[in-house]
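Before any comments, here is the structure.
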Amino acid sequence: MSNLELPVLGQDDAAGCCSPLVREPLGEEAAADLAKMFKALSDPVRLRLLSLIASHEGGEACVCDLTGPFDVSQPTISHHLKVLREAGLVGSERRGTWVYYWVLPPALAKLSALLQAPAATASASAQAAR
Numbered sequence: 001m002s003n004l005e006l007p008v009l010g011q012d013d014a015a016g017c018c019s020p021l022v023r024e025p026l027g028e029e030a031a032a033d034l035a036k037m038f039k040a041l042s043d044p045v046r047l048r049l050l051s052l053i054a055s056h057e058g059g060e061a062c063v064c065d066l067t068g069p070f071d072v073s074q075p076t077i078s079h080h081l082k083v084l085r086e087a088g089l090v091g092s093e094r095r096g097t098w099v100y101y102w103v104l105p106p107a108l109a110k111l112s113a114l115l116q117a118p119a120a121t122a123s124a125s126a127q128a129a130r
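Dropping the structure here:
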């Protein structure tokens with residue numbers, strides 16, 4: 001056996017490998033709020049609904065425009081929209097016989113802030129994935 005030390009590859013940037021993913025841990029209340037949002041988004045139909053609403057022209061969508069793309073009943077779509085609304089991801093307003101929905105930007109900002117890695121960690125992860 002040789003007594004030579006082998007270099008560890010990919011450890012050039014100590015700050016990138018050891019820096020925390022977030023600046024500070026979540027508090028109890030913030031974690032509960034975010035968990036409710038993530039739980040609402042864990043259903044594929046709700047995730048697609050949020051995407052449809054966010055990408056709709058004018059930033060809002062009538063419930064009448066949201067039922068067509070899905071192979072579920074209108075009451076099921078209404079239930080999913082209620083879950084998104086209660087989770088604080090969408091707002092709504094009744095106009096005549098229809099209800100219009102829009103995505104709430106502050107909610108998306110909360111989710112994004114939690115999921116966004118600091119720049120040093122992101123570049124280190126990208127290099128490690130190569």
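Reading the sequence shown from the start, the letters are residues 1 to 130 in full-length UniProt numbering.
Note that CB positions come from ideal geometry on N, CA and C, so glycine has one too.
On a predicted model such as this, the values are computed, not experimentally measured, just so you know.
So for residue i, helix, strand or coil by DSSP?
i	result
A61	strand
E24	coil
Name the two residues that bound the continuous beta strand (DSSP E) containing residue i.
i	result
E5	No beta strand (DSSP E) holds E5; DSSP gives it neither H nor E.
Taking all protein chains shown into account, do 16 or more other C-beta atoms lie within 10 angstroms of the C-beta of residue i, making it buried, or fewer, making it exposed?
i	result
L50	buried
R94	exposed
V83	buried
A32	exposed
A40	buried
L115	exposed
V72	exposed
A107	buried
A113	exposed
A87	buried
L4	exposed
A61	buried
L89	buried
L26	exposed
Determine, using beta carbons only, whether residue i comes closer than 8 Å to chain D.
i	result
E86	Going by chain labels, chain D is absent from the structure shown, which holds only one protein chain.
Could you tell me which whole alpha helix (DSSP H) segments of length 4 or greater appear in the UniProt domain "HTH arsR-type" (26-123)?
28-41, 44-55, 63-66, 74-86, 105-115
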